[in-house]
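Undergrad: Encoded as structure tokens, here's the structure I'll be asking about.
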Amino acid sequence: MIDLGISKLALIAVVALIVVGPERLPKVARMAGNLFGRAQRYMNEVRSEVNRQIELDEFKKLREASTDAMKEMESTLNATVQEANVNLSDQAEPKTDDYASAILESAPDVTKVYRDALRQGRDSWGVKRTARPLWFKHSAGIRTRVQSGAARVKRFKRPVLHK
């Protein structure tokens with residue numbers, strides 16, 4: 079930063095002693111040291127901020143390059159898959175098998191089977207669970223808050239008095 083040798087520092091000290099005086103010299107030296115320390119900390123903060131910005135710019139460039147490469151690879155892959163699908167569809171011959179179509183027509187509708195399998199209305203678990211009033215749940219001992227055995231022992235354990 080600033081190149082100060084021992085002779086220059088001695089000259090500055092003598093001039094400061096003459097100008098400021100021996101009574102106020104320690105206070106002025108302390109203030110100058112504090113200001114110099116603040117200036118150094120400020121310069122270090124600025125330097126680290128600049129370095130962070132440079133690294134951030136490098137990361138942004140790297141990210142943009144990688145996203146561009148990924149987009150290019152994706153488009154190449156999509157083109158290859160599309161070309162393979164076209165080639166396969168050109169080579170494949172549609173077969174109509176009466177037996178397979180008869181089986182597919184006789185199969186039941188999947189959504190209807192699923193809907194029938196669902197328990198709806200008063201039979202559903204949610205309705206049965208909420209149909210009981212809370213006072214009954216409390217009197218029947220239905221646990222709403224589950225607690226481990228160790229936690230229960232700790233909760234209901236008598237405090238030990240140390241003598």
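Going by my numbering, the first residue of the sequence shown is number 79, and it counts up by one from there.
Glycine residues also receive a C-beta, built at the ideal position from the N, C-alpha and C atoms.
Less than 9 Å between the beta carbons of Q225 and R233, yes or no?
TA: Yes.
Undergrad: Quick check: what's the CA-CA separation for S217 versus R230?
TA: Cα-Cα distance, rounded: 20 Å.
Undergrad: Given a cut-off of 9 Å on the beta-carbon distance, is the pair A94 and A107 in contact?
TA: Cβ atoms of A94 and A107: closer than 9 Å.
Undergrad: Should L103 and I90 be called a contact, given that it needs their Cβ atoms to be closer than 9 Å?
TA: Going by C-beta atoms, L103 is not nearer than 9 Å to I90.
Undergrad: In whole angstroms, give me the CA-to-CA distance for T145 and N165.
TA: The alpha-carbon atoms of T145 and N165 are separated by roughly 30 Å.
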